[in-house]
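Enquirer: In our numbering, the protein residues as written are 8 to 381. Every residue gets a Cβ at the ideal spot worked out from N, C-alpha and C, and that includes glycine.
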Amino acid sequence: METYRINSKLREDDREYLIHTTNDPSVGSVSTTIFVDGVQAETVSCPHPAESDPQEVLSLVKLTHGEKKKEVETLLQTYSEVVQQGDPDTTYQLGTAFFYKRFFTEAARLFVQAEQLRAGHHQSANYLGMTYLALGRFDEAVEAARRAVAARPGYADYRNSLGEAYLADNNPEAAIGEFQEAISVNMYYGDAYLNLGLAHLLASINAGPSGGAAPSVERITGYLHKASLIYPEFKKRSDFEDGLQALKTGDRGRALILFREIRDARKESRRKEFSAYYMRFVTSPGLVSERSLVDRIGFLEGELGRNPTYVDLQAELAHCYLEHSRLVWRKGVEQFRKTAEMNSSLPGVTEALNQSDQVRRVIDEAVGKITGKR
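(1) I'd like to know if the stretch 207–215 and the stretch 234–247 are in contact, where contact means that at least 3 CB-CB pairs between them fall below 8 Å.
(2) For the beta strand (DSSP E) that Val46 lies in, which residues bound it at each end?
(3) Among Phe111, Lys274, Val156 and Ala148, which has the Cα closest to the Cα of His128?
(4) Measuring only the C-alpha atoms, how far is Gly204 from Ile190?
(5) If you follow the beta strand (DSSP E) that Arg12 is in, where does it begin and where does it stop?
(6) Measuring only the C-alpha atoms, how far is Pro56 from Ser66?
(7) How big is the Cα-Cα spacing for Gly35 and Arg154?
(8) Can you tell me the Cβ-Cβ gap for Ala163 and Val192, rounded? I've got them flagged as a contact below 8 Å.
(9) Does the beta-carbon distance from Thr357 to Ser351 come in below 8 Å?
(10) Would you report the Cα separation of Asn14 and His27, rounded to the nearest angstrom?
(11) Pick out whichever of Pro95, Thr228, Arg166 and Tyr230 has its Cα sitting closest to the Cα of Gln123.
(12) Helix, strand or coil for Pro292 per DSSP?
(13) Quickly, what does DSSP pair Ile41 with across the bridge? List them, please.
(14) In chain order, what residues of the same chain lie with their CB nearer than 6 Å to the CB of Ala148, ignoring the 5 residues before and after it?
(15) Can you look up Asp31 in the DSSP assignment and give me helix, strand or coil?
(16) Between which two residues does the alpha helix (DSSP H) containing His232 stretch?
(17) Would you kindly work out how many angstroms separate the C-alpha atoms of Arg368 and Val340, rounded to a whole number?
(18) Between Ser131 and Tyr99, how many whole angstroms is the CB-CB distance? I'm expecting something under 8 Å.
(19) So, for Glu323: in the same chain, excluding its five sequence neighbours on each side, which residues have a beta-carbon less than 7 Å away from its beta-carbon?
(20) Among Asn133, Met194 and Leu142, which has the Cα closest to the Cα of Tyr165?
(21) Verify whether the separation of the beta carbon atoms of Asn167 and Tyr196 is less than 8 Å.
(22) Per DSSP, Ser36 forms a beta bridge with which residues?
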């Protein structure tokens, strides 16, 4: 079967976006790759039936390319609109969409702007740290992650992110402290256990062969096994056993490489899982709506169904419930207002409007204080 290729280029400010779509006859799939200034950002593949004729495959290549091009165009258009709006929450939410699309430079700009628009915007600081980490800007990653932890020291995610920044900056001792804090908040935090094993492994490598205080193989292996108990998919990978074997034979450098690959593979899997979800914010008018809140609640409930001890998500879900109740209450008040305008003599409608509006003010004040959004 013939191989088809379609390329499109988009430009926004000083950036060039190349969308490349092709089919692979050997495996029966169509894939689209996005390059930003020549650097690969995202690749998405989808299979097609082996018996597809050439015209069907060509049509699929064209359709897939068109959808991905439209997606990038929508992202870039929304980027320009949101930057001009100057709303910190909207800016942050769009930043997450860019982050999970691996458009890291754009994501960093948005998270920086969100922090400038609202001092103490800890969500943006946390994601900015992760973005700088992906860009290899380790000092800045540590600085941003520190701001997030300072604002919310009890968030396990923030502790884990700061630990990863320290780890990338070759400071395993500081990283160990952050991963331990994350586990103290959520004792079933598999990512933190894996990172804790990596941090002790790096510390032992840095200590050298004569390092008397170097962590033992048993200690490192214990953390890795805890991670695999929480995330059984780790053990299904051949490199997990290869990494343990490398530890036993004293090849700690190889073990570090293998377990880093396992961690990065999990991150990439999660990125792909979240990418489609966060794109919903781009297509939702205003990015903060009842629909987006309902979607977010459903997403969080699903995540917590798999890991009910995830404290940070429990807190976020509570915030979403409150934000949703506030929106729904406002709709009720507005409905009474419309009713009163149509027929103010309808029994009880004026009193209902006055009472519900008074309660609405109390709800707005309470939810604003709790969520930090007034």
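Expert: In brief:
(1) no
(2) Val46 to Pro54
(3) Minimum Cα distance to His128 is reached at Val156.
(4) 13 Å
(5) Arg12 to Glu19
(6) 13 Å
(7) 47 Å
(8) 4 Å
(9) yes
(10) Going from the Cα of Asn14 to the Cα of His27 covers about 5 Å.
(11) By alpha-carbon distance to Gln123, the top candidate from Pro95, Thr228, Arg166 and Tyr230 is Pro95.
(12) Residue placement at Pro292 cannot be trusted, given a pLDDT of 40 that sits under 50; the coordinates are not used to answer.
(13) Ile26 and Glu49
(14) Gly136, Tyr139, Leu140 and Ala172
(15) strand
(16) Val224 to Ile237
(17) 11 Å
(18) At roughly 5 Å, the Cβ-Cβ gap stays under 8 Å, so Ser131 and Tyr99 are in contact.
(19) Contacts found: Leu307.
(20) Asn133
(21) yes
(22) Bridge partners of Ser36: Asp31 and Pro54.
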